[in-house]
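Have a look at the structure below before the remarks.
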Amino acid sequence: MNNISGTIPKCLNNLIVLAQKGNSSPIIQHSYMTQLGEIGYEWDYEEEASLTWKGLRSKYKSTLGLVKSIDLSSNKLTGEIPSEITDLVGLVSLNLSRNQLTGQIPPRIGMLKELDSLDLSRNQINGRIPNSLSRIDRIGYLDLSENNLSGKIPIGTQLQSFGPSSYGGNPLLCGLPLLRTCTEEEQGPKQTVLVNQDDKDGLISQGFYISMGLGFAVGFWGVFGTLLFNKSCRYTYFNFWTCFTDWLYVKAEIIRQRMPNTR
0 MNNISGTIPK CLNNLIVLAQ KGNSSPIIQH SYMTQLGEIG YEWDYEEEAS
50 LTWKGLRSKY KSTLGLVKSI DLSSNKLTGE IPSEITDLVG LVSLNLSRNQ
100 LTGQIPPRIG MLKELDSLDL SRNQINGRIP NSLSRIDRIG YLDLSENNLS
150 GKIPIGTQLQ SFGPSSYGGN PLLCGLPLLR TCTEEEQGPK QTVLVNQDDK
200 DGLISQGFYI SMGLGFAVGF WGVFGTLLFN KSCRYTYFNF WTCFTDWLYV
250 KAEIIRQRMP NTR
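With numbering that gives the first Met the number 0 applied, the sequence shown corresponds to residues 0 to 262, in that order.
Okay, structure coming up:
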């Protein structure tokens, strides 16, 4: 807990490490030199930090370098959450709870694909929950409780997997997993379902192979079934192939006889 006041700076996107995806070294290690008389000594030490992660306060040391987190909870921050924070695509945990933040959740919050924990509880955030939030498939902890959010909770496997407590304390919020159903006005604009181009191509390829397999099966059993159950067709079919192979053999023999002998 600190006493940081004022607004969240927009220059947060200058935090280069958080703006890049990929793993860092798990241990943050430093070294320094000391001088005792004429002898110099080099000392190493590892950083550690205490962070609130998924609602629990824990100390991190051996894995601190992997914890790409912003924790400004329990302060006196005011104003809106800057949209520039969505440029931090390497961010794994964002905790802005227990402040006095207002405004809306940034619409591009879904850009934070690496986000595993999001806590915006106990603020004065208003407006709708952005649809893009439902597209963060890695998020494992979510707390938007005790705000002024309104409208329907976007439909998405992740958002509906959290309990009602993640959305509690927002009287104007409706839709699953809350028991309060939405009126037609609260439904808002229809949610657009975005399909990844790779997924779309995969579905087309899958449909092609399924169609090809079904076509082969129908064609094969159409011919084979007719020969199996229709006696006259079966005789005609095999008689045709017998005559054809005899004719092919004769033609091959004639061609062989006409070829000049080579020594």
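Yeah, the Cβ is synthetic: ideal placement off N, Cα and C, and Gly gets one too.
C-alpha of I108 to C-alpha of G167: approximately 20 Å in a straight line. DSSP places N125 in the strand class (E or B) of the three-state scheme. For S160, the enclosing alpha helix (DSSP H) stretches over residues 156-160.
L76 is positioned such that its CB atom lies no closer than 8 Å to that of L93. Taking C-beta atoms under 8 Å as the contact rule, L141 and F161 qualify, at a distance of about 5 Å.
For I69, the CB contacts under 6 Å within the same chain, skipping 5 residues up- and downstream, are L93 in chain order. Excluding its 5 nearest sequence neighbours in each direction, I3 has C-beta neighbours in its own chain below 6 Å: N74, listed in chain order. Contact annotation: L119 and S149 have beta-carbon atoms that are not nearer than 8 Å. In the assembly as shown, R255 is an exposed residue. Its beta-carbon has fewer than 16 other beta-carbons within 10 Å. Secondary structure of G174 (DSSP, three-state): coil.
When rounded, the separation of the alpha-carbon atoms in L95 and L71 is 5 Å.
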